[in-house]
Each structure stands twice: as structure tokens, then as C-alpha cells.
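Note sheet for the following structure.
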Amino acid sequence: MPTRIFTLFIFFVLLIGCESSDIEDPSTAVSFYLSEDSYVVMYLVNHYDVRVIEYFKKEFSKGSQQVMIKMDDLAEGAYTLHMEVTGKYSKTFTQKTIPIILVK
Amino acid sequence: MMKTILVFLIILFSDFSFSQHLVGVNSSIGFFLYNSENDLQLLKKRTLYEYYAFGLSYETSLLSTYNIQIDYSYSKSTRNGVIKPIRTDETGNQLEVLDIDYYLLNHNIDLIFLFQFDDSEVQWGLGPSMVITNRSLYFPGFFNDILASSGIGVCATIESFPIFRTTQDLYSARIYGKIRYTKAIWFDTGIRKLDTYEQQFFDSLIGVRFLFNLSKL
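Those protein sequence lines, which keep their order, are chains Y and S. Each residue of the first sequence is one higher than the one before, counting from 0 in numbering that gives the first Met the number 0. Each residue of the second sequence is one higher than the one before, counting from 0 in numbering that gives the first Met the number 0.
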């Protein structure tokens, strides 16, 4: 009998105690739409105007796109996400910035 | 080397025996002729151009040909709401607009060699300058990113004849103007990435200095 109670206790502890709390994934999805195949550069600038991460610099096909950007090794603070798009055929250049406040 | 130090100390202390010692309290208004912080995106629309400073000074005649002045001043410039994040609920409805504030706090220490114009009590001076800066981005309740740095530079000053003095010269007051250039040479970086970041201040200021003559006691 004591063995069963002890086993149940261990099971209970394992069930309740071995669960980590949920933490936020410090990554975020960025969606954008391209009217033609384009070269896209995405990078993050901190509030000292220093480029801290270049996420990618590659060609995307036209249409809706979604990319994940990671921020887990960044200090908290104010950032600006920069996106530069150059059309593959039209060569039109577009730049967009998104302010980001990172709080940990 | 020891001999040089000894000679220097003898000159220093022998001269002190008949020199005057002036302790001062000063207050000034300054203008940034150039402030590298204004080039940042953060302050593009909210540039820093003026500041108020106050401080302390000590002046003595190190050698009989010129005076030496150590001038400390403290200044703080603030720009509230340089970033205005909007707090929303899960459906995107606006709940409140928050403020992220910017502070620039400078501790300036100037070591000035003062020379007198002939037949007047007006003095001009030159010397090295040092600055300790605390630059802060403050988001109340969330973070306070304070970047400490220190820099060196040069300054030039002109000090007026006393605009006020008591009969025995125990107290007096002067107006002074100064220009100063400093550049940060060290940052307490921590985990911040500051590769291309720099701090340079080129400022001019005008102020008034109230002096107390210790040698008249």
C-alpha cells in the first residue's frame, strides 16, 4: 500500500512539477506583398543608428510573403526594422521602416 | 623622474603661499553648435539645441604669470515623447499612447589656463576638457537604457572684469563665455552594438560666476 501511494505521489509530482511556464517566443512574423519578383534586404537598426542584424538579402517571387525575424539575443530598447525592395525587372526601389519596441 | 616631480611640487606649493584662491558657483545657458545626437533618426525631428548648466569652479595662480581654473558643470537636456508607442488590446483597438523619453546628461570638467589681457581684469583661457555623458532612453515601467561614456576635448574661454565686488574683494561676480569641443573615446557598451555610433559635442555657452576669495579670509 505505501508503495502505491508513493508511486502515485511521484506520478503527481511528475505531472504537475515538470511543466515549464510558457514564455513568449521573441520572434515575430513580418508579412509583405510583392508586385513583381524582387530583391529584398531586411535589417534591424537600434536607436544608436547602428545596423545590428541583417536578416536576409535575397530574391523573393511576386505575391504574399511571410518571414520570421528573431530577436532573442538583442538588448531591450527601441529598434527600426528596415526593408528595401528592388524590383527585378522594373528596378524600382522602395524602402519601408517599422518601429519596434523590444521589452524583455 | 622623481627629481622633476619634486621640483614641480616645490614650485606648486611655494607659489601657493602667495597666490589667491577663488571658489566659484556658476550658472550658464549653452547652445549646441554641433551635437552628433541630432544626426540620429531618434532626434531628427526633436533636435537638441540648448541646455542649462550649473557648476563649481576653483581658480588659483599656479605660477605668477597665469591663473589656472578647474571648472565643473552639470547639464541635462530632455526630449519627452521621442517615440510614442500605442498600447492596443488584442483586437487592435487603441488603449493609450505612451511616451519614451530621451535624456542627455553631461558632466563637464575643464582645466583652463587663464591669461590676463594687458591693463585690464579681463581674462582669456585655453585648456583641455573632459566630459562624462549619460545618454538615456527611458520607457517608464519597461526599460531605461542608460549609456555611459566619457570623452576628451578642448575649450576656450573669456572671463569679464568683475561686474560686482565687495569692498575687500571677498565676493565678486564675473560673466564668462566659453566654447568647447568634446568627442567620446570610451563607451560602457555592455551588450549594446555601437560599431558606427559616435558622440561629439561642440557647444558655446554664456554664464555668470559668483566667486568667493578664500585668501581674503
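Cβ coordinates follow ideal geometry from the N, Cα and C atoms, glycine included.
Does Lys44(S) get closer than 7 angstroms to chain Y when you measure Cβ to Cβ? Residue mapping note: residue 44(S) aligns to position 45 of the second sequence, counting from 1. No, its Cβ sits nowhere closer than 7 angstroms to a Cβ of chain Y.
What residues in the segment 34-63 of chain Y have a beta carbon less than 7 angstroms from any beta carbon of chain S? Per Cβ criterion, the list reads Asn45, His46, Tyr47, Asp48, Val49, Val51.
Taking the alpha carbon of Gln115(S) as the point to measure from, which residue in Gly124(S), Tyr51(S), Asp109(S) has its own alpha carbon closest? Residue mapping note: residue 115(S) aligns to position 116 of the second sequence, counting from 1. It is Gly124(S) whose Cα lies nearest to the Cα of Gln115(S).
With a cut-off of 7 angstroms, does the C-beta of Gln40(S) fall near any C-beta of chain Y? Sequence index remark: in the second sequence, residue 40(S) carries index 41 (1-based). Interface residue, yes.
Confirm, please, whether the CB-CB distance from Tyr32(Y) to Met41(Y) is below 7 angstroms. As a first step, residue 41(Y) must be located in the first sequence, where it is residue number 42. As a first step, residue 32(Y) must be located in the first sequence, where it is residue number 33. For Met41(Y) and Tyr32(Y), no; Cβs fall outside 7 angstroms.
Evaluate contact between the segment 130-137 of chain S and the segment 94-113 of chain S, counting only Cβ atoms and requiring at least three cross-stretch pairs below 8 angstroms. For the pair of segments examined, the segment 130-137 of chain S was found to touch the segment 94-113 of chain S: the number of CB pairs separated by less than 8 angstroms reaches three.
Quick one, which residues of the segment 67-82 of chain Y are near chain S if we go by CB-CB under 9 angstroms, in chain order? Legend: CB atoms of the segment 67-82 of chain Y lying less than 9 angstroms from CB atoms of chain S belong to residues Asp72, Leu73, Ala74, Glu75, Gly76, Ala77, Thr79.
Could you check whether the segment 77-86 of chain S touches the segment 22-35 of chain S, counting it as contact only if at least three pairs of C-beta atoms, one from each stretch, sit closer than 8 angstroms? Contact between the segment 77-86 of chain S and the segment 22-35 of chain S is absent: fewer than three C-beta pairs spanning the two stretches fall below 8 angstroms.
Out of Thr195(S), Lys192(S), Tyr175(S), Arg208(S), which one is the CA nearest neighbour of Gln122(S)? Counted from its first residue, the second sequence places residue 122(S) at position 123. Ranking Thr195(S), Lys192(S), Tyr175(S), Arg208(S) by Cα distance to Gln122(S) puts Tyr175(S) first.
Going along the chain, which residues of its own chain have a beta-carbon closer than 6 angstroms to the beta-carbon of Leu42(S), five neighbours each way excluded? For the purposes of this step, residue 42(S) is taken as the residue at position 43 of the second sequence. The beta carbon of Leu42(S) sits closer than 6 angstroms to the beta carbons of Glu36 from its chain, once the five residues preceding and following it are set aside; these are given in chain order.
Over the uninterrupted beta strand (DSSP E) stretch that includes Asp100(S), give me the two end residues. The residue you call residue 100(S) lines up with position 101 of the second sequence. Residues 99-115.
Terminal residues of the continuous beta strand (DSSP E) containing Ser60(Y)? By one-based count along the first sequence, residue 60(Y) stands at place 61. Premise fails: Ser60(Y) is in no beta strand (DSSP E) and is neither H nor E.
May I ask which residues mark the beginning and end of the beta strand (DSSP E) holding Tyr32(Y)? As a working note, residue 32(Y) is residue 33 in the first sequence. Boundaries of the beta strand (DSSP E) around Tyr32(Y): 26-33.
Give the single residue among Leu7(Y), Ser34(Y), Lys90(Y), Ser26(Y) whose Cα lies nearest to the Cα of Lys69(Y). Start at 1 with the first residue of the first sequence, and residue 69(Y) comes out as number 70. Closest option to Lys69(Y), Cα to Cα, is Ser26(Y).
Per-residue burial, Ser89(Y) [other beta carbons within 10 Å of its own, 16 or more giving buried]: As a first step, residue 89(Y) must be located in the first sequence, where it is residue number 90. With fewer than 16 neighbouring CB atoms inside 10 Å of its own CB, Ser89(Y) falls in the exposed class.
Pick from Glu89(S), Gln93(S), Asn212(S), Leu113(S): whose alpha carbon is nearest that of Tyr170(S)? If you number the second sequence from 1, residue 170(S) lands on position 171. When each option's Cα is compared against that of Tyr170(S), the closest is Asn212(S).
Taking the beta carbon of Glu49(S) as the centre, do at least 16 other beta carbons fall within 10 Å, making it buried, or is it exposed? Translated into the one-based positions of the second sequence, residue 49(S) becomes position 50. The residue in question, Glu49(S), is exposed, as its Cβ has fewer than 16 Cβ neighbours within 10 Å.
How would you label Leu94(S), buried or exposed, when you count the other beta carbons within 10 angstroms and need 16 or more for buried? Locating residue 94(S) in the second sequence gives position 95, where the first residue counts as 1. Exposed.
Residues of chain Y with CB under 7 angstroms from Phe142(S), in chain order? Translated into positions along the second sequence, residue 142(S) becomes position 143. Simply Glu75, Gly76, Val102.
The segment 191-211 of chain S: positions lying closer than 7 angstroms to chain Y by Cβ: Taking 7 angstroms as the upper bound on Cβ-Cβ separation, chain Y lies near residues Arg191, Lys192, Leu193, Asp194, Thr195, Tyr196 of the segment 191-211 of chain S.
Are any of the Cβ atoms in chain Y nearer than 7 angstroms to that of Leu47(S)? Start at 1 with the first residue of the second sequence, and residue 47(S) comes out as number 48. In terms of beta-carbon proximity, Leu47(S) stays away from the interface with chain Y, with every pair separated by 7 angstroms or more.
Burial state of Thr156(S) (16 or more Cβ within 10 Å): Counting from one through the second sequence, the residue named residue 156(S) turns up at place 157. Label assigned to Thr156(S): buried.
Residues that Pro84(S) contacts on chain Y, provided the C-beta gap is smaller than 7 angstroms: As a position in the second sequence, residue 84(S) is number 85, starting the count at 1. Within chain Y, the residues whose beta carbon sits less than 7 angstroms from that of Pro84(S) are Ile100, listed in sequence order.
Rounded to whole angstroms, how far is the Cβ of Thr188(S) from the Cβ of Val130(S), which I believe are closer than 8 angstroms? To locate residue 188(S), count along the second sequence from 1; it is residue 189. To locate residue 130(S), count along the second sequence from 1; it is residue 131. So it is not a contact: roughly 17 angstroms between Cβ atoms.
Within a Cβ cutoff of 6 angstroms, which residues of the same chain sit near Ile99(Y), ignoring the five residues on either side of it in sequence? Sequence index remark: in the first sequence, residue 99(Y) carries index 100 (1-based). Only Tyr78, Leu80 meet the Cβ criterion.
Interface partners of Leu136(S) on chain Y, CB under 8 angstroms: Here the question's residue 136(S) lines up with position 137 in the second sequence. For Leu136(S), the C-beta contacts it makes with chain Y under 8 angstroms involve His46, Gly76, Ala77, in order along the chain.
Chain-ordered neighbours of Ile99(S) on chain Y, where CB pairs are closer than 7 angstroms: As a working mapping, residue 99(S) is identified with position 100 in the second sequence. Result: Ala77.
Would Ile108(S) and Gly126(S) be called neighbours here (beta carbons separated by less than 7 angstroms)? Along the second sequence, read from residue 1 onward, the residue named residue 108(S) stands at position 109. Along the second sequence, read from residue 1 onward, the residue named residue 126(S) stands at position 127. Not in contact: Ile108(S) and Gly126(S) (Cβ atoms no closer than 7 angstroms).
In whole angstroms, give me the CA-to-CA distance for Asp14(S) and Gly23(S). Sequence index remark: in the second sequence, residue 14(S) carries index 15 (1-based). Sequence index remark: in the second sequence, residue 23(S) carries index 24 (1-based). Low confidence applies to Asp14(S): its pLDDT is 47, below 50, so where it sits in the model is not reliable enough to give any reading.
Going by C-alpha distance, which of Ser60(Y), Val39(Y), Leu7(Y) is nearest Lys95(Y)? Counting from 1 along the first sequence, the entry for residue 95(Y) is found at position 96. For Lys95(Y), the closest of Ser60(Y), Val39(Y), Leu7(Y) by C-alpha to C-alpha distance is Val39(Y).
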